[in-house]
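Per this note's numbering, the very first residue in the sequence shown carries number 59; after that it's consecutive. We treat Cβ as the ideally placed atom computed from N, Cα and C, and that holds for glycine. Remember, predicted model here, so these are calculated numbers, not experimental data.
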Amino acid sequence: MQLRHLKLPRFYLPDFPSGSVDKGRHLDFSNLQTTSYLYPRCCTKEVIMGIQNVKELGICGYETDLSIRDSGLLNNLVHLQQLETLSIILCFKLLPASAIAFPAMLKKLKLEATALSWSYLDIIAELPNLEVLKLMGGACRGYEWHPNVRGFTRLKFLLISDNSLMYWKATDDNFPVLERLVLKESRNLKEIPIEFAEIYTLQLIELDWCLPELGESAARIQKEQEDIGNNPVNVRISNPSIYVVGTG
């Protein structure tokens, strides 16, 4: 039997040794196009090479599994040369330490409950083909994001949801072709960098369950764009929030 799509809440794939007589006896994973959610312990080189034609992959771990932290298992994803969409959930201290360890053709990346530092995103920013980045609840920890690299050269869509971010300092060089910025449940953030007014490609800022001050910040970006002769960004605001998460 040849599978093309395999989706389960979590599952394991066998690690077949090279030349095993059992390899492929019942299932052939080489034609898989979509796979989720694979347990990170299974991300050995042997397993990854067995699904190397996959285009969409989801990986989901367990919060209580400490034994594979810092194991470097996700470095094996570099062998997925066809992979375009990747979702990683509940994988602490497992993400590659270098951009070159990510699949080269990766276009869409979603992170959730990965507890990364905001500074780690400097590595993500170096991914050459990344167009969509979704930072879901618990993707990053900490209160400040100061991108240090001129990256995200192809990023068009950025979603930041349910986070503790309070201070965001960035320039148009950090997101040169961004088209859509979505902030959800950003209950501490009061300001979008005014430099976003200089991102000529920016078309939409969408705010949902965010502070009123963040809406005012988006309006200032609109005004600044008008002043410098750009088409003003469209701003959509839903469910403005007055709740502020404590920093203690």
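Taking C-beta atoms as the reference points, F160 and E189 fail to come closer than 9 Å. Distance from the Cα of T211 is smallest, within the candidate group I250, T259 and P251, for T259. When DSSP states are grouped into helix, strand and coil, C198 belongs to the strand group. Taking 8 Å as the upper bound for CB-CB distance, R208 and D231 are in contact here, some 5 Å apart. Residues of the same chain with a CB within less than 8 Å of the CB of Y178, apart from the 5 flanking positions on each side, are L153 and C198 in chain order.
K168 is not a Cβ neighbour of E142, given a cutoff of 9 Å. Straight across, the Cα-Cα distance linking L96 with C149 is about 11 Å. DSSP lists no beta-bridge partner residue for K151. Residue pairing by DSSP places S145 opposite G116 and K168 in a beta bridge. Rounded to whole angstroms, Y201 and S222 show a C-alpha spacing of 6 Å. As the crow flies, the alpha-carbon of I263 is around 23 Å from that of E184. Secondary-structure assignment with DSSP links R99 through no beta bridge to anything.
In the structure shown, the three-state DSSP call for I109 is coil. Annotation: the continuous beta strand (DSSP E) that includes L265 extends over L262 to D266.
By the neighbour-count criterion, in which 16 or more other beta carbons inside 10 Å mark a residue as buried, I181 falls on the buried side.
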